[in-house]
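Below is one structure, written out as structure tokens; the observations come after it.
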Amino acid sequence: MPRIEMERVEIAEDHAQVSSESFDRIEYAHRAVALVRPPRTTVAICDGARRVQLDSGRAWGEGEGARWAILAVPRNASRQAIARAVLDLAGTSARPFALDVLLASCDGG
Numbered sequence: 021m022p023r024i025e026m027e028r029v030e031i032a033e034d035h036a037q038v039s040s041e042s043f044d045r046i047e048y049a050h051r052a053v054a055l056v057r058p059p060r061t062t063v064a065i066c067d068g069a070r071r072v073q074l075d076s077g078r079a080w081g082e083g084e085g086a087r088w089a090i091l092a093v094p095r096n097a098s099r100q101a102i103a104r105a106v107l108d109l110a111g112t113s114a115r116p117f118a119l120d121v122l123l124a125s126c127d128g129g
């Protein structure tokens, strides 16, 4: 029984990650990063394979607090999944209004 429950959760998460909507996902990610402007972070955005993935770490040799990040965005990613990853990068994912503002500001494509 717990195994069935876990599979349902994974399926629900996958549906929130994907969208058949037609828009330039890489451009959308660039606009979202430009709006959020993660402090002292260099962000590379690239095509992803299966789901939105964010990797980050300390940028050694760039000074105190400097970071790097790679945001991988697949061709079927949803706007919400991209926006959540960008907000996680900036450390603002806990603010309930931040996602709504980002989705509204980057609308269109």
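Residues in the sequence shown are numbered from 21 upward in steps of one, following the numbering used here. Glycine included, C-beta positions come from ideal geometry on N, C-alpha and C.
Measuring alpha carbon to alpha carbon, tell me which residue in ALA64, ALA101, LEU109, ALA118 is nearest ARG70.
The residue with the shortest Cα to Cα distance from ARG70 is ALA101.
SER76 by DSSP, collapsed to three states: which one?
SER76 falls in the strand class under three-state DSSP.
Report yes if the C-beta distance between LEU119 and ALA97 is below 8 Å; otherwise report no.
Against a cut-off of 8 Å, the Cβ pair of ALA97 and LEU119 comes out as no contact.
Please list the segments of the beta strand (DSSP E) lying wholly inside the stretch 37–109, counting only runs of 3 or more residues, in order along the chain.
Within the stretch 37–109, the complete beta strand (DSSP E) runs of at least 3 residues are 61–67, 73–78, 87–93.
Give the straight-line distance between the Cα atoms of THR61 and ARG45, rounded to the nearest whole angstrom.
If you take the alpha carbons of THR61 and ARG45, they lie about 21 Å apart.
Distance check for ARG95 and ARG87, CA to CA, integer angstroms please.
Each residue's Cα considered, the two are about 26 Å apart.
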